[in-house]
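Enquirer:
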Amino acid sequence: MKTLRPIFLAGLALTLALPAIAHAEVDKSKNVKRILHIPFKGSPDVAMAGEGATDIDFQGRYVYAMQQGAQDGGIHIIDHSAAVPREVGFVSCPATQNDVAVVKPGLVALGFHSGTCAGLTGGGGVRLVDVSDPKRTKILGFVNTPEGTHTVTTYPGEDIVYASPGGTANGKELEQIIDVSNPMKPKVAATFGPTDGGPAAGCHDFNFWFKGDEKLGICTGLGQVQIWDVSDPLAPEVIGAVNNPSWFLNHTADVSDDGELLVISDETEAQDCVGGPDGAFWAYDFTNRPTPTPLSFFKIKRGQAPVGTDRPTWCTSHNFNFIPGTHKIVAAWYAAGMNVVSWEDPMNPVEEAHYFGTGEDTANYWSAYWYDGRIYATDRVKGLDVFEVKGLKEGK
20 MKTLRPIFLA
30 GLALTLALPA
40 IAHAEVDKSK
50 NVKRILHIPF
60 KGSPDVAMAG
70 EGATDIDFQG
80 RYVYAMQQGA
90 QDGGIHIIDH
100 SAAVPREVGF
110 VSCPATQNDV
120 AVVKPGLVAL
130 GFHSGTCAGL
140 TGGGGVRLVD
150 VSDPKRTKIL
160 GFVNTPEGTH
170 TVTTYPGEDI
180 VYASPGGTAN
190 GKELEQIIDV
200 SNPMKPKVAA
210 TFGPTDGGPA
220 AGCHDFNFWF
230 KGDEKLGICT
240 GLGQVQIWDV
250 SDPLAPEVIG
260 AVNNPSWFLN
270 HTADVSDDGE
280 LLVISDETEA
290 QDCVGGPDGA
300 FWAYDFTNRP
310 TPTPLSFFKI
320 KRGQAPVGTD
330 RPTWCTSHNF
340 NFIPGTHKIV
350 AAWYAAGMNV
360 VSWEDPMNPV
370 EEAHYFGTGE
380 DTANYWSAYW
390 YDGRIYATDR
400 VKGLDVFEVK
410 GLKEGK
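Numbering (our numbering), first residue to last: 20 to 415.
(1) Any contact between the region 123 to 133 and the region 78 to 96? By contact I mean 3 or more CB pairs, one from each, below 8 Å.
(2) Secondary structure at D380, three-state DSSP: helix, strand or coil?
(3) Between which two residues does the beta strand (DSSP E) holding W301 run?
(4) Report the rounded CA-to-CA distance for E256 versus P124, giving the unit in angstroms.
(5) Identify the continuous beta strand (DSSP E) that holds W352 and give its terminal residues.
(6) Which same chain residues, not among the five before or five after W385, have their C-beta less than 8 Å away from its C-beta?
(7) Taking only three categories from DSSP, how would you classify C136?
(8) By how many angstroms is the C-alpha of I54 removed from the C-alpha of Y395?
(9) Taking buried to mean at least 16 other C-beta atoms within 10 Å of its own C-beta, is E192 buried or exposed?
(10) DSSP puts R393 in a beta bridge; with which residues?
(11) Whose C-beta lies closer than 8 Å to the C-beta of G278 among residues of the same chain, with five residues either side of it excluded?
(12) Who are the near neighbours of A43 in its chain, counting only those whose CB is closer than 8 Å to its CB and skipping five residues on each side?
(13) DSSP has A114 in a bridge; who is on the other side?
(14) Is L129 helix, strand or coil by DSSP?
(15) Helix, strand or coil for A355 per DSSP?
(16) Would you list the residues sitting across from E407 in a DSSP beta bridge?
(17) So, helix, strand or coil for R146, using DSSP?
(18) Given this structure, state the Cα-to-Cα distance separating D291 from V145, to the nearest angstrom.
(19) Here's the rule: buried if 16 or more other CB atoms are within 10 angstroms of the residue's CB, otherwise exposed. What is V408?
(20) According to DSSP, is C334 part of a helix, a strand, or is it coil?
(21) What whole-angstrom Cβ distance do L411 and A372 have, given they're in contact under 8 Å?
(22) Excluding the 5 residues preceding and the 5 following T210 in the sequence, name in chain order all residues of the same chain whose CB lies nearer than 8 Å to its CB.
(23) Would you kindly work out how many angstroms separate the C-alpha atoms of V244 and V119, rounded to a whole number?
(24) Roughly how many angstroms lie between the CA atoms of Y174 and D46, to the nearest whole one?
(25) Within the region 176 to 251, note down every full beta strand (DSSP E) run reaching 3 residues or more, in order along the chain.
(26) Name, in chain order, the residues that DSSP records as bridge partners for R105.
Here it is as structure tokens:
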């Protein structure tokens with residue numbers, strides 16, 4: 020078997036066939052196949068804070084995979100329409116954090132804490148980028164946000180972006196709600212701060228869930244998760260909250276398509292890789308929106324990145340999403356790879372697939388997501404991995 024691995028030429032990636040890593044060198048379930056690894060140019064051999072791969076977003080045939088770093092940060096544009104995905108473009112953004120959200124086809128928002136992204140000296144915020152032609156991308160407008168931006172999330176169906184401060188000591192408490200209808204001149208149209216015991220430093224991450232007349236936003240951060248009514252995108256209203264004394268930092272939340280299940284990740288500085296509540300994924304019954312009811316948690320029982328890697332013992336949950344139409348998530352764990360967790364029995368979560376790797380192939384994932392039949396995972400050290408999982412599919 021061959022593993023297809025790209026090389027870089029004039030900023031783009033070409034794909035070469037190289038011998039695959041022997042099965043004995045990989046800690047994975049039998050149903051997982053890594054079909055592609057795309058190394059990011061300049062990715063460090065040891066990923067330290069402020070360098071390496073970060074988040075991902077998707078639209079149509081394109082995957083937008085992020086990299087942060089003072090020299091090589093930016094957006095890697097991947098065309099996944101072919102049998103083997105390939106890199107077709109790159110947007111330079113030397114900066115820290117580097118998050119991405121698709122606003123609409125051909126337009127993305129790029130959020131960052133600080134750097135020299137697109138000629139800026141210091142500071143941070145949200146930059147709009149025309150990616151309609153991946154080989155000829157265009158840097159558009161910019162809006163500065165206090166202390167920069169940790170996460171960007173597009174309000175579905177509107178030219179509005181929520182810019183989250185970070186929900187930690189490096190962020191302020193206000194969500195910046197940005198009008199990007201004129202991408203050359205985006206502007207902050209409103210701000211909103213978590214209230215009534217909400218995340219003290221603001222949202223670390225933000226996610227929307229829309230169904231029928233319900234338009235909800237989930238704000239995660241230090242101390243609490245809040246549920247917002249975002250029917251008016253410029254004037255959110257807090258309608259509920261989730262508190263859990265086991266949490267350190269509520270990192271990300273997502274809701275199943277049917278609205279029945281809320282899952283929350285906890286980015287704990289966990290020093291164990293043997294299960295337990297620290298750094299776990301937590302599932303809640305979400306049928307009562309204001310007061311979700313706890314159901315169960317799942318914690319990985321493998322892990323440990325190579326010594327010297329940033330956060331080597333953080334076997335902690337991070338970015339994830341639901342497989343559409345199911346109660347299954349695709350999940351990233353910093354020092355413990357990628358896996359698929361099923362909450363079809365909400366009181367008894369089951370791991371259905373995993374990929375970790377050993378030795379030089381040890382994975383250290385920032386994000387892992389299901390998209391259009393495949394799993395995409397950004398490795399904080401090495402770049403982007405693409406997987407197929409036998410038998411795994413979307414629901415109806």
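Backbone N, C-alpha and C define an ideal beta-carbon position, used for all residues, glycine too.
All values derive from a computational prediction rather than experimental measurement.
Expert: Result, derived from the coordinates:
(1) yes
(2) helix
(3) F300 to D304
(4) 29 Å
(5) K347 to W352
(6) G71, A72, T73, D74, H337, N338, A351, Y353, T397, D398 and R399
(7) helix
(8) 10 Å
(9) buried
(10) Y390
(11) W228, K230, E233, F305 and T306
(12) Low per-residue confidence applies at A43: pLDDT is 42, beneath 50, and the placement is therefore not dependable, though the value from the model is reported in the following sentence. Excluding sequence neighbours, A43 sits near nothing in its chain.
(13) G88 and G134
(14) strand
(15) coil
(16) K52
(17) strand
(18) 36 Å
(19) buried
(20) coil
(21) 7 Å
(22) L193, E194, Q195 and I196
(23) 22 Å
(24) 38 Å
(25) 179 to 183, 194 to 198, 206 to 211, 224 to 230, 233 to 239 and 244 to 248
(26) D98
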